[in-house]
Every structure is written in C-alpha cells, then in structure tokens.
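J.: Residue numbers (the numbering used here), protein chains in the order written: chain F, 1 to 457; chain W, 1001 to 1457.
There are 2 protein chains.
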Amino acid sequence: MSNRESAIKYAHDNRERYLTDLKDFLSIKTVSTDPDHKADMEKGAEWVANKLKAIGINKVEVMPTGGHPVVYCEYLEAGDDAPTMVIYGHYDVQPVEPLDLWESDPFAGTERDENLYARGASDMKAQVLASINAVEALMQNGGLGVNIKFLIEGEEEIGSPNLDTFIEKNKDLLACDFALNPDAGMLGPDTPTITYALRGLAYFEVHVEGPDHDLHSGIYGGSVRNPVNELARLIGGMMDENGHITLPGYYDSVRDLDDEERAELARLPVDDAFILENTGAPAVWGEAGYSSVERVGARPTLDVNGIYAGFIGEGSKTVLPSKGFAKISMRLVPDQNPDEVHKQLEQYMQENANPTVKWEVRALTGGDPSISDRNSRWVQSLAKAQEEVWGVRPVFKREGGSVPVVAQMQQLLGVDSVLCGYGLPDDNLHAPNEKLHLPTWYRGNDAFIHMLFNLAE
Amino acid sequence: MSNRESAIKYAHDNRERYLTDLKDFLSIKTVSTDPDHKADMEKGAEWVANKLKAIGINKVEVMPTGGHPVVYCEYLEAGDDAPTMVIYGHYDVQPVEPLDLWESDPFAGTERDENLYARGASDMKAQVLASINAVEALMQNGGLGVNIKFLIEGEEEIGSPNLDTFIEKNKDLLACDFALNPDAGMLGPDTPTITYALRGLAYFEVHVEGPDHDLHSGIYGGSVRNPVNELARLIGGMMDENGHITLPGYYDSVRDLDDEERAELARLPVDDAFILENTGAPAVWGEAGYSSVERVGARPTLDVNGIYAGFIGEGSKTVLPSKGFAKISMRLVPDQNPDEVHKQLEQYMQENANPTVKWEVRALTGGDPSISDRNSRWVQSLAKAQEEVWGVRPVFKREGGSVPVVAQMQQLLGVDSVLCGYGLPDDNLHAPNEKLHLPTWYRGNDAFIHMLFNLAE
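Here you go:
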C-alpha cells in the first residue's frame, strides 16, 4: 500500500474521531463580534493550537493582535526544495441570533440525516479541521513532502481589522509559495469547485454642488444648473445602453476571457434562472456579449450604492437643491486597480461635468482584484485531488465579491491563493440552522490529503 | 380741478393719517401660523372690516372659513355697465422670530430714514391699505366708476389652505371682470412693475425598482440592472445638453415669445450678475437661445427636488439597492398644464425605461400657469397709472413661481389677475427688519387712484 493509500485509509478509519473533534471545536462559542465571548475566543485559539500540537507540529504559537489572537504554526521539515504553503482559516463564527429559529442548540453539533447542525459547522471550523486532519494523515503515513504554515485568525467575521497589520509585521514568518484558503465552497455536493479569481473594489463618493444654498425652484428654476439633474446625468452617462462602462480607458487593463476560460466558466451550474430566483429582478441584464456568470466573475461593474439630495420627505417641497452626492462603487477584475479607476472617474468628471457646477470625487475604500493561474502547480494539485475524490473535474469559478485576505496576501506576501472549501450553497451561512453535509466534508478531508501528496510529486 | 386731481390731492393731504392707520394695522399681531394669535387674527379681520366701513362701503362681512376668516366687501354702485374688479389681499403676516435680530419692535411700526420697519409693512398690510385708501379718495371725490369687491384672506402665509373652497362656495358673490393682486412688488423704487404671468407647477415622484431586495454588489453586481443607475440615466435623459426638456411633446403647447414680448422682458433690470449674486452658483445655465429672465419667466423647467436610494450613511456599504426614487417637478408656462406633462412623463418612461426594471410615476401636486394679456383694458389701466405717477413706463414681468390664488381665480372665476405692489426687493420679506419704503408706498396710493379713474374711462 502506498503512503497515499494508507493516508486515505487512515482518514477513513478516523472519521468518527474527526466528527467528535469537530463537535468539540464547535462547542466553543467563538462569536468574535460579542465582547462577552472574549474568553471563548481565547479558548477557541487554544483549541486550534492544541490540536496542531497534538498532530505532531512542534512550533505552534497563539500570537496576539490588536483584537483576537491569531494561531500560527509551521512545519518546515520537507526541506528548502519543497514548496511552502500557508493554509489560511478562521476560528471565529457569526452570532447565533435569532436563537428561536434554530431547531437545535447552535453549539451542540446535532446530526440530522447526513448533516451536522451548528454555528461554524460550514463557516469554517470544519474546513479548518479538514486541513489539519489531512496534515495529520500524512504525518502518520510517511510524512509531508511540502512545508506547511497555518494562519488561523479570529476576526474574519468582523472584517479582519487586524489581519493586514499582522501579515505586514510577520512577512518573513509567513513567506510561502502560495496560500490555500478553504473559506470558499462548492456549488453542489457533486460539483467540486475551485475559486481562482476574486473581484476587487473601488468605492467612491461623487459630490456635485451648484448654488451655495437651496433655491426656490420657481424663482430660480431654469436659470442655474440643478446639481442633482447634473449628478443624475453624469451617473447615467457612466454606462452605455450595452452595459459598457464609459469611464475613459476603463477596460484597458481588463484581461480578456479566452475561449478556454469561457468554456470553463460555461461549465458552472449557474444560469439566469438561478439569478432571477435569488434576486427577484424582473430580468437579468448586463454587459452585452457576456453570460451572467462572466458578467459577475470576469467583468467589472459600476453600481450606485446610494444617492441623496434635496427633499425626500412626504409631499412636495419646491426646492432646487444646492448639492447632492452618490456613493458609486466598482467591482474590479484583473488587472484593474482602485487607483487607476479613481483617475478614470476623475477624468470622466473633468470631461463631462457641466462647468457651471462644482464637483468632487472622494475615494473611500478599495482593494485589488486577484486571480490565480488555473494551470499553476498549486491549482492543479488541488484540481487533480478533487477529481481523484469525486471522479469528475472540478469547475473553476471566479467570485464576484472580494475576500480581503486574498488581496492582502497578494500584496504583502506576493502570493496567489487557491480558494476551495467543502460547504454547500444551502448550508445557511450566517443564518439559523447552519449545517455541514458530512459526506461532502469527509470527501474534503480526502481531497486535502491528495492535494498534499500531489504537491510533493 | 378734475375729480382725478382732487382725489390725488386728497391722498397727498391725508398721508400722515394713512401712516397712522398703517401703524395701527401693523400693531395687530396677525401671525397666522401661531395658534396663540387666534384672537389677533380675528382682531385683524375686524380692523380691515371696520376700515372698509369707515370709508363708506356698506356691505362688509367677516366670513368664516375652515381657518382664519376672510373679509369680504362689495361696492357695486358704478352700475352694471361698469367693470367689476376683485381686489385680493391678506391681513396675515409671517412669524417674527428670531426676535433678537430686529432693530425695533416688529409690531411698533418704527420710522428710520424713509422706511417704516414692522412685520407686514411690505407683505402686505401696506398694500391692502393702499388699495383701500385709493377707494376712499375716489369716494370722497366724485365716487367710483368701477365696481369693487375686496377679498382679504388671513391664511396666505400658511398656503391659503381654505381659500379655494371659499372661492368655490362664493363664486357668484365674487363674480368679476378681473382681479387686482397687489401681493407682488417692484424691481426698484424707480421701476414700476407689473407681473402679468406666473408659472404653474407639476410635482411628481418617480420610483424605480429592480431586484425585490437589496443585493450584495459583489455577488450580483453586473448581472441585474441596478435600479439607481437606471433612475439616474432616466433623469439625465430628460434634458439634453442645450437645456431642452426631452419629454415627448413637452414644448407643443408652450407659447412662443414674440419679439415685442422679448423686448419688454429685456427691459427688466435683472441680469446674470443679479442671479449669480443671489444664488452663489458658479455660473448661470439654462435653455439655449433664451436669456435668464426668459428662462425663469417664460420657459418651463424640469428640476430634481430630491432623490434617494440605498446607503447614504458614513462609509461604504456594498449594496446594490432594490429601489430608488426622485422627486421631480416642472414649472409650467402657458398653455401647459399638469395633466398634460404627467402624460408626457409617463410616455417618456414607457419609451426609455429599461424593461428589466419596474417603475411608477406618482403625481403629487399641480397648478396651472397663468398669463394676462398685457394689452387688456385691466393691465393697461394699471400701466398708464404707474406711468402717470413715476413718469416712466412700467416694466412687465413674468414671475417664475406660482401664486395659487391667481390660478384659482382663473379656474374658478374665469378671470385674469393683474399683479403689482409697492414693496421693494430689499424689504426683508419673511425676515427680521421687514420694512416699507414710504415714498414708494405713497406713490403706490396715487397709482391705485389713477388706475381706478383709468378703469372708468
């Protein structure tokens, strides 16, 4: 029996213990947003640290941050020639309220049918444990041919406010060839999924001002430019009737989709009916020439997130408002970046704003998009592992949202992330009755084992 | 000495008494918005009624309404062949707060230089009294050749909520050939002014809805039409780069300005510098091909009065809003009307709204525009009177705002109004230190006398 075969057998033989361990981990109330759970957060970090020590990793540390601690460990015995991987995860969970909608104790870990119900079961204690279990299986069956560092934080559910500082401070410690981030999920129990790209974000406020005080729309209406009409016109002009964004040069650094990638994305089991059902929109709509999956994953957007001006109460006030503003954000795709689109937005305003109004663009937040080479050794090691377990090629997904840690690792450590995870779309993340599909989770344990072997080949 | 000459002499001889009467009238605290002044309101109405009786009018009534009473009187002894005029006015005044900014007691009527300072001095107790004084001067010097009805309300400063019902109920009583409304003003002490047109109003809310709940802009951004981007685009498209409103047929019933009227309007001492100073706007702007005076008085508008959607708090929330709305109103000119532009707005939305969003137009309030023939006997009787007093032809003004009573009289009584008044732009209407320029007021008394004679010729 090869080491790989014996490691898989070890994992199968230990499934009952894996489940017991998971229930134990889930019983710790690591609700990061609630100060009452501060002691639980420390207990959760200790639980992870002890678990890592128990599987035989010597260098394990619970490291303080400005908020909840980070668990760090490293296993570098594979040697300088072997690749080094950071496994990212978080031990914190969402609050459980409203409690009365839970069918069982959210911290008890209750099995019903093939599922385990508990807060954090899917997001993401089971995912953290699956990666630890895989390392354990290799340690017990011939050792690892890859160097491993774990970075398990306790503040993901509150926006990771201290993580960038932590990574910046510990750049050398975290040096690696790539990161594995099992905080994504699968599109279905029979659809192994790899998320290889995330959109970035550039968030602005656009302010427009005309007269220096609100005017009577009868006395002055028609004689000065209404800044709100102007704001609306400017926003309206930022996109043409084909859904193309008109900011100058906006698509210059957008990577085109090639035929191969479009074919991959077409395999995703997401169709327009899915979008209609989940949004309640009367119809889908977007950039001409692209499918909905491509629009969300691989094409940039420009959305008004909020707009305000003048009188918005009941009834009619005949005011010509002095000013108005809109919050406008763009989801970015490789190789756009927030600074670049900021300049493009400024240029658009310079070129298009009526000179009879004043305007200002304020940049609020931003984050780079990220993409990993689907043909890299790292992605392929995971793809092959998933195919070995499920018997089908995984689908490759671009995520429309942003995962800040992925962009931070790209910027601060210079590495790509491979995103995966063994949660399912109906796992009730952040909602009552969060659950984990146990057969899928067990397969996920196996997939990580195969990945570790694949990396060493 | 002709009756006209002796009436003018009578007015000059009685200036001191006119001033004493005015101060007496001003001392009554007729603040219509304040329930504490209810007794003062009744006292004010009584004061007007007694004054009318005192000059010799027999039929004077204080008539109840749903709010403050109306003073009505009629003098019909000029006979069936003579014209009948309704003189409109109001005895209520604005609140006086902030009191500490007044340099003298707002109800004391204090003379400084050539001005009388008091709340209501210009708006409009002096104007009401000037018209009564003129009638008195004729009664004392050969009688009136015109039939007169006074309609003096007590709720103008709170939007005349009961006036339309009152007029509707008393249509026969108020039957007349035209109305004189001295609640307008002059553009300067040497610039007698006649306002012969008012813009109407059509006020709407436009609602646009896309998804049936707010969406995550990362997960769905790009796949459904953002209803706020769409709302902005629709508003932006309602006006072209020349300031022309694009609603279908919008200008079809707009009366063109002929050369004669444009020449009249060009005489108005209002220039772009005046607009810049009073608005603080960086520049004037409006419909191409028209002056600012023409844009405000004789051309219709389309102004966003308010707009709201999504997240407008501090910071960045990456929401794709489910819906948004704007308050949009149009100032209308003859012969537009609110129903017509409502249909045009609906048609614009039907033709332009992206079919992937739902929309609704809600009509809030509306009022017809009005215009009086500058060459009518009524307008000319006033124009000639003003020229007789000031020695210069009056300027003819179109007012950009709306005076609801003018449209109501047009609709309910079928008569035009002639608007004038002897207040000045720096009279601090609705503000502390309201004042009346006494020499201008005395000339106004004389002008009304001349008008009454002119009408009888």
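Just so it is clear, CB atoms sit at the ideal spot from N, CA and C, and this is done for glycine as well.
Fair warning: this is a prediction, and the values are worked out from it, not measured in the lab.
#1: Is F:Ile235 closer than 8 Å to F:Ala298 when the C-beta atoms are compared?
#2: With 8 Å set as the bound, which would you pick, yes or no: does the beta-carbon of F:Thr195 sit closer than that to a beta-carbon of chain W?
#3: Figure out for me which residue from W:Tyr1117, W:Gln1408, W:Val1031 and W:Val1135 has the closest Cα to the Cα of W:Pro1369.
#4: Quick one: grab the DSSP three-state call for W:Asn1147.
#5: Give the DSSP-derived three-state secondary structure of F:Arg267 in the structure shown.
#6: What is the rounded straight-line gap between the Cα of F:Arg15 and the Cα of F:Ser27?
#7: Identify the contact partners of F:Pro211 in chain W, using a Cβ-Cβ distance below 7 Å as the criterion.
#8: Determine which residues share a DSSP beta bridge with W:Val1060 and list them.
#9: Can you tell me the Cα-Cα spacing of F:Asn428 and W:Gly1221, whole angstroms?
#10: Is W:Ala1175 helix, strand or coil by DSSP?
#11: Given a cut-off of 8 Å on the beta-carbon distance, is the pair W:Leu1419 and W:Asn1181 in contact?
#12: Compare the Cα-Cα distances from F:Gly243 to each of W:Leu1247, W:Ala1309 and W:Arg1225 and report the closest residue.
#13: Jot down the residue ranges of each uninterrupted alpha helix (DSSP H) in the stretch 384 to 450 of chain F, minimum 4 residues, whole runs only, in chain order.
#14: For W:Thr1084, which of helix, strand or coil comes out of DSSP?
#15: Since F:Leu364 meets chain W, which of its residues come closer than 9 Å, beta carbon to beta carbon?
#16: Taking buried to mean at least 16 other C-beta atoms within 10 Å of its own C-beta, is W:Pro1334 buried or exposed?
#17: Quick one: complete alpha helix (DSSP H) runs, 4+ long, within the stretch 1285 to 1342 of chain W?
#18: Around the Cβ of F:Glu294, are there at least 16 other Cβ atoms within 10 angstroms (buried) or fewer (exposed)?
#19: Along chain W, in chain order, which residues have C-beta atoms closer than 7 Å to that of F:Asp303?
#20: Could you tell me whether the Cβ of F:Arg255 comes closer than 8 Å to any Cβ of chain W?
#21: Using 8 Å as the limit for Cβ to Cβ distance, is F:Glu287 near chain W?
#22: Is the CB-CB distance between F:Gln94 and F:Gly421 below 8 Å?
#23: Pull out every residue of the stretch 1350 to 1379 of chain W whose Cβ sits closer than 9 Å to any Cβ of chain F, in chain order.
#24: If contact is defined by three or more beta carbon pairs under 8 Å, each pair taking one atom from either stretch, is the stretch 72 to 86 of chain F in contact with the stretch 175 to 190 of chain F?
#25: Suppose you measure from the CA of W:Tyr1348 to the CA of F:Pro227; what does that come to, to the nearest Å?
#26: Could you give the DSSP three-state label for W:Gly1044: helix, strand or coil?
#27: So that I know if they touch, is there some Cβ in chain F lying closer than 8 Å to that of W:Lys1327?
#28: Please report how far the alpha carbon of W:Ala1049 lies from the alpha carbon of W:Pro1394, in whole angstroms.
#29: Flag this pair as touching only if the stretch 1064 to 1072 of chain W and the stretch 1152 to 1159 of chain W have three or more C-beta atom pairs under 8 Å; answer yes or no.
#30: What is the DSSP secondary structure of F:Tyr10, reduced to helix, strand or coil?
#31: What does DSSP give as the partner residue(s) for F:Val206 in the beta ladder?
#32: Over the uninterrupted alpha helix (DSSP H) stretch that includes F:Leu247, give me the two end residues.
#33: What number of angstroms, rounded off, separates the C-alpha of W:Lys1358 from the C-alpha of W:Gly1210?
#34: Tell me the start and end of each unbroken alpha helix (DSSP H) in the stretch 1123 to 1168 of chain W that is at least 4 residues and wholly inside, in chain order.
#35: Kindly list, in the order they appear in chain W, the residues whose Cβ is closer than 9 Å to that of F:Arg331.
#36: Distance check for W:Phe1166 and W:Met1238, CA to CA, integer angstroms please.
T.: So, from the data block:
#1: Residue mapping note: residue 298 of chain F aligns to position 298 of the first sequence, counting from 1. Residue mapping note: residue 235 of chain F aligns to position 235 of the first sequence, counting from 1. Not a contact, by the Cβ cut-off of 8 Å.
#2: As a first step, residue 195 of chain F is located in the first sequence; it is residue number 195 there, counting from the start. With 8 Å as the cut-off, F:Thr195 does not count as an interface residue toward chain W.
#3: The residue you call residue 1369 of chain W lines up with position 369 of the second sequence. Measuring from the Cα of W:Pro1369, the nearest candidate turns out to be W:Gln1408.
#4: Reading the second sequence from its first residue, position 147 is the one you call residue 1147 of chain W. If DSSP states are grouped into helix, strand and coil, W:Asn1147 belongs with the strands.
#5: Walking along the first sequence from the start, residue 267 of chain F turns up at place 267. Three-state result, F:Arg267: coil.
#6: The sequence position of residue 15 of chain F within the first sequence is 15, counting from 1. The sequence position of residue 27 of chain F within the first sequence is 27, counting from 1. C-alpha separation (whole angstroms): 18 Å.
#7: On the first sequence, residue 211 of chain F is found 211 positions in, with the first residue counted as 1. Correct list: Thr1279, Gly1280 and Ala1281.
#8: Counting from one through the second sequence, the residue named residue 1060 of chain W turns up at place 60. W:Cys1073.
#9: Your numbering for residue 428 of chain F matches position 428 in the first sequence. Your numbering for residue 1221 of chain W matches position 221 in the second sequence. Cα to Cα, F:Asn428 sits roughly 22 Å from W:Gly1221.
#10: Stepping through the second sequence from its first residue, residue 1175 of chain W is reached at position 175. Three-state DSSP puts W:Ala1175 in coil, outside helix and strand.
#11: Position 419 of the second sequence, counted from the first residue, corresponds to residue 1419 of chain W. Position 181 of the second sequence, counted from the first residue, corresponds to residue 1181 of chain W. Yes. Within cutoff.
#12: Here residue 243 of chain F refers to the residue found at position 243 of the first sequence. Ranking W:Leu1247, W:Ala1309 and W:Arg1225 by Cα distance to F:Gly243 puts W:Arg1225 first.
#13: 404 to 408
#14: Taking the first residue of the second sequence as 1, we reach residue 1084 of chain W at position 84. Reduced to three states, the DSSP call for W:Thr1084 is strand.
#15: By 1-based counting over the first sequence, the position of residue 364 of chain F is 364. Neighbours of F:Leu364 on chain W, chain order: Gly1315 and Ser1316.
#16: For the purposes of this step, residue 1334 of chain W is taken as residue 334 along the second sequence, with counting starting at 1. Buried, since its Cβ has 16 or more Cβ neighbours within 10 Å.
#17: 1292 to 1298
#18: Here residue 294 of chain F is taken as the residue at index 294 of the first sequence, counted from 1. F:Glu294 is buried by the Cβ-count criterion.
#19: Within the first sequence, numbered from 1, the residue matching residue 303 of chain F stands at position 303. Going along chain W in sequence order, the residues near F:Asp303 (Cβ under 7 Å) are Ser1217, Gly1221, Asn1226, Asn1229 and Leu1320.
#20: For this step, residue 255 of chain F is matched to residue 255 along the first sequence. Chain W, which has no Cβ nearer than 8 Å to the Cβ of F:Arg255, makes this no.
#21: Residue mapping note: residue 287 of chain F aligns to position 287 of the first sequence, counting from 1. Yes, F:Glu287 lies at the interface with chain W (some Cβ there is under 8 Å from its Cβ).
#22: The residue you call residue 94 of chain F lines up with position 94 of the first sequence. The residue you call residue 421 of chain F lines up with position 421 of the first sequence. Against a cut-off of 8 Å, the Cβ pair of F:Gly421 and F:Gln94 comes out as no contact.
#23: Asn1354, Pro1355, Thr1356, Val1357, Lys1358, Leu1364 and Thr1365
#24: yes
#25: Counted from its first residue, the second sequence places residue 1348 of chain W at position 348. Counted from its first residue, the first sequence places residue 227 of chain F at position 227. One C-alpha to the other measures close to 22 Å.
#26: Working through the second sequence from its first residue, we reach residue 1044 of chain W at position 44. DSSP places W:Gly1044 in helix when its eight states are reduced to three.
#27: By one-based count along the second sequence, residue 1327 of chain W stands at place 327. Taking Cβ atoms only, chain F reaches closer than 8 Å to W:Lys1327, which makes this a yes.
#28: One-based indexing of the second sequence puts residue 1049 of chain W at position 49. One-based indexing of the second sequence puts residue 1394 of chain W at position 394. Distance between the alpha carbons of W:Ala1049 and W:Pro1394 is about 32 Å.
#29: yes
#30: As a first step, residue 10 of chain F must be located in the first sequence, where it is residue number 10. F:Tyr10: helix per DSSP, three-state reduction.
#31: Translated into the one-based positions of the first sequence, residue 206 of chain F becomes position 206. Answer by DSSP bridge pairing, in chain order: F:Ala326 and F:Val361.
#32: Along the first sequence, one-based indexing puts residue 247 of chain F at 247. Note, F:Leu247: premise wrong, no alpha helix (DSSP H); not H, not E.
#33: Residue mapping note: residue 1358 of chain W aligns to position 358 of the second sequence, counting from 1. Residue mapping note: residue 1210 of chain W aligns to position 210 of the second sequence, counting from 1. Cα to Cα, W:Lys1358 sits roughly 6 Å from W:Gly1210.
#34: 1126 to 1139
#35: For the purposes of this step, residue 331 of chain F is taken as residue 331 along the first sequence, with counting starting at 1. Within chain W, the residues near F:Arg331 are Ser1217, Gly1218, Gly1221, Gly1222 and Thr1318.
#36: Numbered from its first residue, the second sequence carries residue 1238 of chain W at position 238. Numbered from its first residue, the second sequence carries residue 1166 of chain W at position 166. Taking the straight line from one Cα to the other gives about 38 Å.
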